[in-house]
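Visitor: full-length UniProt numbering numbers the first residue of the sequence shown as 1 and each following residue consecutively.
All C-beta atoms, glycine included, are put in the ideal place defined by N, C-alpha and C.
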Amino acid sequence: MNGEVSYGVKIRNLQKRFKDKIVFKDLTLNFEKNKITCILGPSGIGKTTLLNLISGDMNPDRGFITVEENLISYVFQEDRLIPWFNIYDNISFVLKSYLDKKSIEDKINKYLGLVKLQDVKYKFPKELSGGMRRRVALARAFSYDSNLLLMDEPFKGLDKELKYDIMRDFLTLWKEEKKTVIMVTHDEEEAKFLNGNTIRLRGEL
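#1: Measure from the alpha carbon of K33 to the alpha carbon of each residue in N147, N59, L95, S129, then state which is nearest.
#2: Between A141 and R80, how many whole angstroms is the CB-CB distance? I'm expecting something under 8 Å.
#3: On the CB-based measure, 16 or more other CB atoms within 10 Å of its CB, does Y98 come out buried or exposed?
#4: Can the beta-carbon of V23 be found less than 8 Å from the beta-carbon of R17?
#5: Can the beta-carbon of P154 be found closer than 8 Å to that of F76?
#6: Just to confirm, are L112 and I104 a CB contact at a threshold of 8 Å?
#7: Roughly how many angstroms separate the alpha carbons of E127 and I108, rounded to a whole number?
#8: Measuring straight from C-alpha to C-alpha, what distance separates M151 and M183?
#9: Candidates G41, P42, V67: which alpha carbon is nearest L53's?
#10: Where does M132 sit, in a helix, a strand or coil, going by DSSP?
#11: So D152 is in the beta strand (DSSP E); what residue range does that whole segment cover?
#12: Can you grab the Cα-Cα spacing for the pair K192 / V5, in whole Å?
#13: What are the boundary residues of the alpha helix (DSSP H) that S103 is part of?
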């Protein structure tokens, strides 16, 4: 039906607690498919816990989480590049289980090109600046054939100018692939800049 909203992730009556602390009491949420959704809230409110529940790294005590796709990409606060692999090998590492060599090379060239780093593919992480490594991490996440991308404060700790440069690169990648993106942040300005949906966590829900 035209105009009908499709959801990539559905959460129903979710409950999660750690010992005596109730993080989620009866949480129900929908995450729109092929859209960016930012989860806002202060530290300790349960934002990263929610990502871990969606990814399956953590189980709910009660309730249900339905994820339309079982292939998930991640971007963390740290770039998590493998230091003894060059950039090409860091990206090919997540592709080689299902793509041939030519397809891998084409993908790496495409996504490094989108973040303006096509000339660094044979360099090692230690040879790149922090901002360049963040861009490589984004290129790696988008090159993987998943429809769901989970991001845990990926722009944290960057100075303002660099942060907005990298967020522009992120939007370039997203417009190419239109993955369902769920991003945790405590920064209202990041959420506004990315211009997606916003969910605010305000304590026990």
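Guide: Let me lay it out:
#1: N147
#2: With a Cβ gap of about 10 Å, A141 and R80 do not count as contacting.
#3: exposed
#4: yes
#5: yes
#6: no
#7: 18 Å
#8: 4 Å
#9: V67
#10: helix
#11: 148 to 152
#12: 22 Å
#13: 101 to 114
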